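Working notes for the structure below.
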Amino acid sequence: MSIRVVVADDQEIVRTGLSMILDAQPGIEVVGRAADGREAVELGRRLRPDVCLFDIRMPVLDGVEATRALAGPGVEDPLAVVVITVFDLDEYVYAALRAGARGFLLKDAGTDLLTRAVRAAAEGEALIAPSVTARLLDAFAGSGSANPPAQPLQPLTDREEQVLAAVARGRTNTEIGEECHIALSTVKTHITSLMAKLGVRNRVEIAMWAYETGRVRGRRDR
1 MSIRVVVADD
11 QEIVRTGLSM
21 ILDAQPGIEV
31 VGRAADGREA
41 VELGRRLRPD
51 VCLFDIRMPV
61 LDGVEATRAL
71 AGPGVEDPLA
81 VVVITVFDLD
91 EYVYAALRAG
101 ARGFLLKDAG
111 TDLLTRAVRA
121 AAEGEALIAP
131 SVTARLLDAF
141 AGSGSANPPA
151 QPLQPLTDRE
161 EQVLAAVARG
171 RTNTEIGEEC
181 HIALSTVKTH
191 ITSLMAKLGV
201 RNRVEIAMWA
211 YETGRVRGRR
221 DR
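What follows is the structure in structure tokens.
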């Protein structure tokens, strides 16, 4: 079955272009388009797409708030959201990920990266533009937040620590399996266990937790 996508961008030419690119990919279908954040949220709730692709700056309701409404804390059945923008600003990336986004891309990412981000989000994984990943995580790792990240509900096993570090570096499940010499199903089991122990909902939050607690230390480990 096709991956169903809702695209939201306040610029019609961008909205149309993104839709055309995605519709041209095998197994992807754009089922709705929105010109502002409020319309995007309404479409998301009504159509229940597999992935929402949101511009970060939109009228009425911006992409961060739209993401929070559909995927943020407290949302019972969150949608997969990928945020896309021309603004290469760390605060936007961080806000989007904290709001529940599963991916963050710049609009110059290209067809291949855009398609991979949509497919990754649909499969429960995450893809962040390589140009911002290391810088973002370096900037916010150990940033002295007023609300320190919670400790695991149960201690992590050695294998879970390995998987945690790999997820934090942006590795896919397949890559983690190859690096750790374990089956894909085992990788998924470890990630499910990590989410339960850390009290997070997706692998983006796993990665953020790893950096905020100092488990992984940015570019020096890359």
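Residue 93 in this note's numbering sits at position 93 of the sequence shown; the count goes up by one each step and never skips. Where is the CB? At the ideal position from N, CA and C, for every residue including glycine. It should be emphasised that the depicted structure is a prediction, and the values quoted were computed from it without experimental measurement.
Around the C-beta of residue 190, are 16 or more other C-beta atoms found within 10 angstroms, so that it is buried, or is it exposed? If you number the sequence shown from 1, residue 190 lands on position 190. Buried, because 16 or more other Cβ atoms sit within 10 Å of the Cβ of residue 190.
Between the alpha carbons of residue 211 and residue 56, how many angstroms are there, rounded? The sequence position of residue 211 within the sequence shown is 211, counting from 1. The sequence position of residue 56 within the sequence shown is 56, counting from 1. Distance between the alpha carbons of residue 211 and residue 56 is about 24 Å.
In its own chain, which residues sit with a C-beta less than 6 Å from the C-beta of residue 167, not counting the 5 before and 5 after it? Within the sequence shown, residue 167 is the residue found at index 167, counting from 1. Correct list, in chain order: 203, 206 and 207.
Whole angstroms are fine: how far does the CA of residue 177 sit from the CA of residue 186? As a first step, residue 186 is located in the sequence shown; it is residue number 186 there, counting from the start. As a first step, residue 177 is located in the sequence shown; it is residue number 177 there, counting from the start. The straight-line gap from Cα to Cα measures roughly 8 Å.
Can residue 6 and residue 61 be called in contact, C-beta distance under 9 Å? Residue mapping note: residue 6 aligns to position 6 of the sequence shown, counting from 1. Residue mapping note: residue 61 aligns to position 61 of the sequence shown, counting from 1. No.
On the three-pair Cβ rule with 8 Å, is the stretch 92-105 touching the stretch 65-82? A contact exists between the stretch 92-105 and the stretch 65-82.
Relative to the alpha-carbon of residue 179, which residue among 164, 193 and 192 has its alpha-carbon at the smallest distance? Position 179 of the sequence shown, counting from 1, holds the residue named residue 179. Closest in alpha carbon position to residue 179, among 164, 193 and 192, is 164.
Should residue 110 be labelled buried (16 or more other beta-carbon atoms within 10 Å of its own) or exposed? Within the sequence shown, numbered from 1, the residue matching residue 110 stands at position 110. Residue 110 counts as exposed, since fewer than 16 other C-beta atoms from the protein chains shown sit within 10 angstroms of its C-beta.
Quick one, are the C-beta atoms of residue 58 and residue 129 less than 9 Å apart? As a first step, residue 58 must be located in the sequence shown, where it is residue number 58. As a first step, residue 129 must be located in the sequence shown, where it is residue number 129. Cβ atoms of residue 58 and residue 129: not closer than 9 Å.
Less than 9 Å between the C-beta atoms of residue 14 and residue 23, yes or no? In the sequence shown, residue 14 corresponds to position 14, counting from 1. In the sequence shown, residue 23 corresponds to position 23, counting from 1. Taking 9 Å as the Cβ cut-off, residue 14 and residue 23 do not qualify as a contacting pair.
At 4 residues or longer, and completely inside the stretch 147-182: list those alpha helix (DSSP H) runs for me, N to C. 158-168 and 173-180
Compute the distance between the beta-carbons of residue 41 and residue 3, then report whether it is under 9 Å. Position 41 of the sequence shown holds residue 41. Position 3 of the sequence shown holds residue 3. The answer is no: Cβ separation not under 9 Å.
Kindly indicate which three-state DSSP category residue 225 falls into: helix, strand or coil? Any question about residue 225 goes unanswered here, given that the chain covers just 1 to 222.
Verify whether the separation of the beta carbon atoms of residue 118 and residue 28 is less than 9 Å. As a first step, residue 118 is located in the sequence shown; it is residue number 118 there, counting from the start. As a first step, residue 28 is located in the sequence shown; it is residue number 28 there, counting from the start. Yes. Within cutoff.
CB of residue 104 within 9 Å of CB of residue 82, strictly: Taking the first residue of the sequence shown as position 1, residue 104 is located at position 104. Taking the first residue of the sequence shown as position 1, residue 82 is located at position 82. Yes. Within cutoff.
Go through its chain and collect everything with a Cβ distance to residue 21's Cβ below 6 Å, but skip five positions before and after it. What you label residue 21 is simply residue 21 of the sequence shown in a count that begins at 1. By the criterion of a C-beta distance shorter than 6 Å, residue 21 is surrounded in its chain by 111, once the five residues flanking it on both sides are discounted.
Buried or exposed by the 16-neighbour rule on C-beta atoms within 10 Å, applied to residue 96: What you label residue 96 is simply residue 96 of the sequence shown in a count that begins at 1. Under this definition residue 96 is a buried residue.
Alpha carbon to alpha carbon, how far is residue 19 from residue 197? Residue numbering aside, residue 19 sits at position 19 when the sequence shown is read from its first letter. Residue numbering aside, residue 197 sits at position 197 when the sequence shown is read from its first letter. Taking the straight line from one Cα to the other gives about 38 Å.
Helix, strand or coil for residue 38 per DSSP? Sequence index remark: in the sequence shown, residue 38 carries index 38 (1-based). It is helical.
Can you give me the Cβ contacts of residue 154 inside the same chain, cut-off strictly under 6 Å, excluding the 5 residues immediately before and after it? On the sequence shown, position 154 is the one that residue 154 refers to. 197, listed in sequence order.
Kindly give me the distance between the Cβ atoms of residue 80 and residue 122, rounded to whole angstroms, as I take these residues to be in contact under 8 Å. The residue given as residue 80 occupies position 80 in the sequence shown. The residue given as residue 122 occupies position 122 in the sequence shown. Contact holds; Cβ gap of about 6 Å.
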